[in-house]
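Participant: The structure that follows is given in the form of structure tokens.
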Amino acid sequence: MKAAAVTAIELLSPSSALNSGSKNLNCFSSISQIYGSISTRKFNYRSAFNLNSKNSIGKVSSARISMSTSSSYKAEEARVPPAISLPTPPITKFKIALCQLLVTADKEKNIACARKAIEEAAEKGAQLVLLPEIWNSPYSNDCFPVYAEDIDAGNGASPSTAMLSELSQRLKITIVGGSIPERSGDRLYNTCCVFGTDGKIKGKHRKIHLFDIDIPGKMTFKESMTLTAGESPTIVDTEVGRIGIGICYDIRFQELAAIYAARGAHLLCYPGAFNMTTGPLHWELLQRARAADCQLYVATCSPARVNNAGYVAWGHSTLVGPFGEVLATTEHEEVTVVAEIDYSLIEQRRTYLPFQKQRRGDLYQLVDVRRLN
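Spelled out as structure tokens, the structure:
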């Protein structure tokens, strides 16, 4: 009420005529001109808001406050370029499978294990299958160069992706193929391929943020010793909706998830292998935060835990809904969990809590550099 009163005074008092932009004291040669200007402004406001009595001044104030607030928020300007409207997905409800695989030093065994898990997931009705990070190789800088595959070379150079291509086509499912070490020229990448129901690669994401950490007495690992960082976000239109891809450490960067949401993603998939230090602290927290921040689904898939491995994974593959609620999860053992995704809940949650429309483009902006260029 105090704000409304102040606004009314500013609109209709002589002082506002003296202090409003160019209409300062020097603009008027007499007091009568000042009051004449005020009367004109009162008439203009009454006409604009269809007000016919002096008792309606509260409505003038409220209307002005409303206009000022809505124009200053500029929600559409908080995303540069402006966010894309959520597209209508090809399917609203479907089942997703998170295959938490036990990784060994035997690549052929790892590929066979992944094949079996995918086939069993399809038998349970899964139309989308998500695999873990680095599922065909031990997670180690020493192993990455040895197990790396040239995905683009063909002619059997990548047995891991060949298996995923064959299964996605035969089973008519979409596969977000976890990640494997990829060799491209003289560089190595941590790479996730997405396969459509025709068996073709629909998208390839190279891990953008490399896992370089040093926690004294707990964990030291530097992917940058062997791997090269990817250079682009990856969003893929599939038979089960628009999917944004990140790998493990990528989940810590809210900006990437926000870019995917602004590009109209329904689901974010993060193959990941958090460890026994960061896993208990941050794994579920980050998944729920990304889902709640962006009001969409988040799915993660970890390798199963091997306690005597050089790098011990936390496990706990999880599906999180658009309110940040955990819909399905595992413990640390080798297992596949199948859960339902219902995209209609995205619009429902965004209607209940419409903060996507309440962003302050006048105060902050997220720039999608690749899309802008």
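First residue of the sequence shown? That's 1 in the UniProt record's numbering, and the numbers climb one at a time after it.
Each residue gets a CB set at the ideal place from its N, CA and C atoms; glycine is no exception.
Can you list, in chain order, the residues of its chain with a C-beta nearer than 7 Å to that of Leu327? Leave out the 5 residues immediately preceding and following it.
Facilitator: Correct list, in chain order: Leu319, Val320, Gly321, Ala339.
Participant: Using only the alpha-carbon positions, how far apart do Arg115 and Met219 sit?
Facilitator: Between the alpha carbons of Arg115 and Met219 lies a gap of roughly 32 Å.
Participant: Can you find at least 3 beta carbon pairs, one from the segment 200-218 and one from the segment 295-312, that sit closer than 8 Å?
Facilitator: no
Participant: Could you give the distance in angstroms between the alpha-carbon of Asp342 and the alpha-carbon of Leu227?
Facilitator: 36 Å
Participant: Near Arg187, which residues of its chain fall below 7 Å by C-beta distance, leaving aside the five closest residues on each side in sequence?
Facilitator: Taken in chain order, the residues that qualify are Thr228.
Participant: Nearest-angstrom Cα distance between Leu267 and Thr238?
Facilitator: Their Cα atoms are separated by approximately 11 Å.
Participant: Judging by CA-CA distance, which residue of Arg349, Gly177, Leu345, Gly315 is the nearest neighbour of Glu333?
Facilitator: Gly315
Participant: Would you tell me roughly how many angstroms separate the C-alpha atoms of Ile259 and Ile235, rounded to the nearest one?
Facilitator: 10 Å
Participant: I'd like to check one pair, Ala273 with Cys248: are the Cβ atoms closer than 7 Å?
Facilitator: yes
Participant: Could you give the DSSP three-state label for Asn110: helix, strand or coil?
Facilitator: helix
Participant: Please work out which residues of its chain come closer than 7 Å, Cβ to Cβ, to Val335, disregarding the five sequence neighbours upstream and downstream, and give them in chain order.
Facilitator: Gln100
Participant: Helix, strand or coil: how does DSSP classify Ser184 here?
Facilitator: strand
Participant: Counting beta carbon pairs with one atom in the segment 160-172 and one in the segment 191-208, are three or more of them shorter than 8 Å?
Facilitator: With three or more CB-CB distances shorter than 8 Å, the segment 191-208 counts as touching the segment 160-172.
Participant: How should Ser70 be labelled, buried or exposed, when 16 other C-beta atoms within 10 angstroms of its C-beta is the threshold for buried?
Facilitator: With a pLDDT of 48 at Ser70, under the threshold of 50, the predicted position of this residue should be treated as unreliable, and no value is reported.
Participant: Beta-carbon within less than 6 Å of Ala97's beta-carbon, same chain only, minus the 5 sequence neighbours each way: which residues are those?
Facilitator: Ala121, Ala126, Val129, Thr336, Val338
Participant: Please identify the residue among Phe94, Asp150, Ala148 whose C-alpha is closest to the C-alpha of Lys124.
Facilitator: Phe94
Participant: Cα separation between Lys109 and Asp142?
Facilitator: 19 Å
Participant: Checking the sheet assignment: what are the DSSP bridge partners for Asn275?
Facilitator: Ala313
Participant: Just the C-alpha distance for Pro89 and Val240, rounded to the nearest angstrom, thanks.
Facilitator: 7 Å
Participant: From what residue to what residue does the alpha helix (DSSP H) around Ala328 run?
Facilitator: No alpha helix (DSSP H) holds Ala328; the beta strand (DSSP E) holding it covers 326-329.
Participant: In chain order, what residues of the same chain have a beta carbon less than 7 Å from the beta carbon of Ile9, not counting five sequence neighbours either side?
Facilitator: Bear in mind that the predicted position of Ile9 carries a pLDDT of just 31, short of 50, making it unreliable; the figure below should be weighed with that in mind. Here the set comprises nothing.
Participant: Comparing the CB of His205 with every heavy atom of the ligand SAM, is any distance shorter than 6 Å?
Facilitator: The ligand SAM is not part of this structure, which contains no ligands at all.
Participant: Is Ser179 buried or exposed, if buried means 16 or more other CB atoms sit within 10 Å of its CB?
Facilitator: buried
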